[in-house]
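Q: In our numbering, the protein residues as written are 11 to 143. Where is the CB? At the ideal position from N, CA and C, for every residue including glycine. Quantities reported herein were computed from a predicted structural model and do not represent experimental measurements. Would you mind keeping the following structure in view while I ask a few things?
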Amino acid sequence: MSEHDLKNFRNQLLNLSHRLNGEVTSLAQEALQATGGESSGGLSRTPMHLADLGTDHYEQELSLGFLENKMRTLEEIAQAVARVDSGTFGKCERCDKDISLERLHAVPFTRHCIGCARKVEKEEAAQQGVLAR
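Here's what the structure looks like:
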């Protein structure tokens, strides 16, 4: 991979990180706001209806899930920038082969080639199946 490619990927990763940081801030504010009562448009701190309170809790859980996902992605991006800086970016962490440029353009923070990524997903799914039992 050329120095020009590495510089472009580094810039792409930093831009993505900056955008996600803004989304994380917004999601954190949304997820951590109080539920029920005044926050739902009521005039007191007491929830108006149990269904409204349930909806508030569901939306809060959903926001927390999105927040967790974006935080994981930010960590992956930070690790990818570190790989660019250390000279290991674009190499699969599992088989040490080059990751295709097409894959890197689609998922610039990826750590695995497509073949190894499929294996990792199968292993994680199998492990979750065992844990769910």
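(1) Just the Cα atoms here: how many angstroms apart are Leu60 and Gln70?
(2) Check the DSSP bridge columns for Asp108 and list the partner residues they point to.
(3) Looking only at its own chain, which residues have a Cβ that is under 7 angstroms from the Cβ of Leu114, when we skip the five neighbours before and after it?
(4) Classify Phe119 as helix, strand or coil using the three-state DSSP reduction.
(5) What is the C-beta distance between Val34 and Lys107, in whole angstroms, given that I count them as a contact (C-beta under 8 angstroms)?
(6) Would Leu84 and Leu30 qualify as a contact pair, given that the criterion is a beta-carbon distance under 8 angstroms?
(7) Could you work out which residue in Val94, Glu134, Leu23 and Leu72 is closest to Met11 when comparing CA atoms only?
(8) With 16 other CB atoms within 10 Å as the buried threshold, where does Leu37 fall?
(9) Measuring CA to CA, which of Ala88, Cys123, Leu72 and Arg82 is closest to Gln22?
(10) Once DSSP output is grouped into helix, strand and coil, what is the label at Met81?
(11) Could you check what DSSP says for Ser12 in three-state terms: helix, strand or coil?
A: Based on what the coordinates show:
(1) One-based indexing of the sequence shown puts residue 60 at position 50. One-based indexing of the sequence shown puts residue 70 at position 60. Each residue's alpha carbon lies about 15 angstroms from the other.
(2) As a working mapping, residue 108 is identified with position 98 in the sequence shown. DSSP lists Lys101 as partners of Asp108.
(3) The residue you call residue 114 lines up with position 104 of the sequence shown. Only Phe19, Gly100 and Thr120 meet the Cβ criterion.
(4) Here residue 119 corresponds to residue number 109 of the sequence shown, with the count starting at 1. Taken through DSSP and simplified to helix, strand or coil, Phe119 comes out as coil.
(5) For the purposes of this step, residue 34 is taken as the residue at position 24 of the sequence shown. For the purposes of this step, residue 107 is taken as the residue at position 97 of the sequence shown. That belief does not hold up - the Cβ atoms of Val34 and Lys107 are roughly 33 angstroms apart, past 8 angstroms.
(6) In the sequence shown, residue 84 corresponds to position 74, counting from 1. In the sequence shown, residue 30 corresponds to position 20, counting from 1. Yes, they are a contact pair.
(7) Residue 11 sits at position 1 when you count from the first residue of the sequence shown. Among Val94, Glu134, Leu23 and Leu72, the Cα nearest to that of Met11 is on Val94.
(8) In the sequence shown, counting from the first residue as 1, residue 37 sits at position 27. Leu37 is buried by the Cβ-count criterion.
(9) As a first step, residue 22 must be located in the sequence shown, where it is residue number 12. The candidate whose alpha carbon is nearest that of Gln22 is Ala88.
(10) In the sequence shown, counting from the first residue as 1, residue 81 sits at position 71. Helix at Met81.
(11) Reading the sequence shown from its first residue, position 2 is the one you call residue 12. Assigned with DSSP and collapsed to three states, Ser12 falls in coil, not helix or strand.
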